[in-house]
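Chemist: Residue numbers (our numbering), protein chains in the order written: chain A, 1 to 115; chain B, 116 to 222. Take this structure first; my questions come after.
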């Protein structure tokens with residue numbers, strides 16, 4: 001059974017640009033959540049989607065957005081990139097919406113470097 | 116405020132030297148406590164989910180336990196391949212992660 005797939009794995013962007021990251025969940029999983037991981041802040045929750053609706057959102061500025069498609073695949077977008085947005089962006093999927101206590105399974109992440 | 120605190124930050128063990136990692140938490144309504152292992156440059160790999168105080172789960176050299184305020188990840192006779200960062204997370208309405216324990220096992 002294929003795991004969570006994230007693309008691209010590595011990318012370099014310039015300050016002020018925007019970036020879109022993609023995530024394909026485990027087959028049958030309907031919830032997708034996104035996290036940002038940095039050495040200083042650790043793993044921080046960005047947002048969660050279930051049935052194409054954002055169910056929960058972390059404490060990040062509006063430059064961070066996402067969406068989920070009818071096949072449960074998800075994308076996140078960061079506009080007007082800042083140097084501080086350099087991080088590992090992790091996507092995770094679970095069977096049901098997160099607050100049900102379901103286990104979430106992570107992809108390998110997308111490494112974003114902003115220069 | 117809900118918090119998840121892991122200790123120690125880093126742990127160095129000799130191969131075969133058993134030890135425990137701690138995850139203490141304060142959340143209003145626990146819906147699950149999760150342990151993950153993360154290798155450098157990779158996404159977290161799921162290890163265990165615990166739901167209620169007194170619950171225990173085992174997998175190879177690892178055993179996770181849960182009380183009302185903390186969880187322990189016991190590592191018995193570790194091997195060098197157990198070297199990784201171990202992350203604890205708790206779920207109430209949000210998913211909150213601890214900062215992790217960086218484990219190094221020397222041969």
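Just so you know, even glycine gets a beta-carbon here, dropped at the ideal spot from N, CA and C. Here the structure is a predicted model, which means the values were calculated and not measured.
(1) Would DSSP call residue 84 of chain A helix, strand or coil?
(2) If I measure Cβ to Cβ from residue 36 of chain A and keep anything under 7 Å in the same chain, skipping five residues before and after, which residues do I get?
(3) Within 8 Å, do at least three Cβ pairs link the region 118-127 of chain B to the region 157-176 of chain B?
(4) Are the CB atoms of residue 162 of chain B and residue 176 of chain B within a distance shorter than 8 Å?
(5) Would you list, in chain order, the members of the region 197-211 of chain B that have their beta-carbon closer than 8 Å to a beta-carbon of chain A?
(6) Would you please verify whether the beta carbon of residue 123 of chain B is less than 8 Å from any beta carbon of chain A?
(7) Contact criterion: CB-CB distance below 8 Å. Does residue 43 of chain A meet it with respect to chain B?
(8) Among B/213, B/193, B/203, which has the Cα closest to the Cα of residue 165 of chain B?
(9) Keeping to the same chain, check which residues put their C-beta closer than 7 Å to that of residue 211 of chain B; ignore five residues upstream and five downstream.
(10) Quick check on DSSP: helix, strand or coil for residue 48 of chain A?
(11) If you follow the beta strand (DSSP E) that residue 153 of chain B is in, where does it begin and where does it stop?
(12) Might you give, ordered along the chain, the residues of its own chain that have their beta carbon closer than 6 Å to the beta carbon of residue 129 of chain B, omitting 5 neighbours on each side?
(13) Looking only at its chain, what residues have a beta carbon closer than 6 Å to the beta carbon of residue 219 of chain B, apart from the 5 residues adjacent to it on each side?
(14) Please list, in chain order, all residues of the same chain as residue 185 of chain B whose beta carbon is under 8 Å from its beta carbon, the five residues on each side excluded.
Modeler: Based on what the coordinates show:
(1) Counted from its first residue, the first chain places residue 84 of chain A at position 84. DSSP places residue 84 of chain A in helix when its eight states are reduced to three.
(2) Translated into positions along the first chain, residue 36 of chain A becomes position 36. 44, 46, 87, 89, listed in sequence order.
(3) Judged by Cβ distances under 8 Å, the region 157-176 of chain B makes no contact with the region 118-127 of chain B, as fewer than three pairs qualify.
(4) Counting from one through the second chain, the residue named residue 176 of chain B turns up at place 61. Counting from one through the second chain, the residue named residue 162 of chain B turns up at place 47. Residue 176 of chain B places its beta carbon 8 Å or farther from that of residue 162 of chain B.
(5) Cβ contacts with chain A: 202, 204, 206, 207, 208, 209, 210, 211.
(6) Residue 123 of chain B sits at position 8 when you count from the first residue of the second chain. No, its Cβ sits nowhere closer than 8 Å to a Cβ of chain A.
(7) Numbered from 1 along the first chain, position 43 holds the residue referred to as residue 43 of chain A. Answer yes: the Cβ-Cβ gap between residue 43 of chain A and chain B drops below 8 Å somewhere.
(8) Sequence index remark: in the second chain, residue 165 of chain B carries index 50 (1-based). Distance check between residue 165 of chain B and each of B/213, B/193, B/203 places B/203 closest, using alpha-carbon atoms only.
(9) Counting from one through the second chain, the residue named residue 211 of chain B turns up at place 96. So the qualifying residues of the chain are 117, 119, 204, 205.
(10) As a first step, residue 48 of chain A must be located in the first chain, where it is residue number 48. Per DSSP, reduced to three states, the secondary structure at residue 48 of chain A is strand.
(11) Locating residue 153 of chain B in the second chain gives position 38, where the first residue counts as 1. 147-153 is the span of the beta strand (DSSP E), which, as asked, contains residue 153 of chain B.
(12) Counted from its first residue, the second chain places residue 129 of chain B at position 14. Taken in chain order, the residues that qualify are 221.
(13) In the second chain, the residue the question calls residue 219 of chain B occupies position 104. Excluding residues within five positions, the ones whose Cβ falls inside 6 Å are 127, 198.
(14) What you label residue 185 of chain B is simply residue 70 of the second chain in a count that begins at 1. Excluding residues within five positions, the ones whose Cβ falls inside 8 Å are 137, 138, 139, 140.
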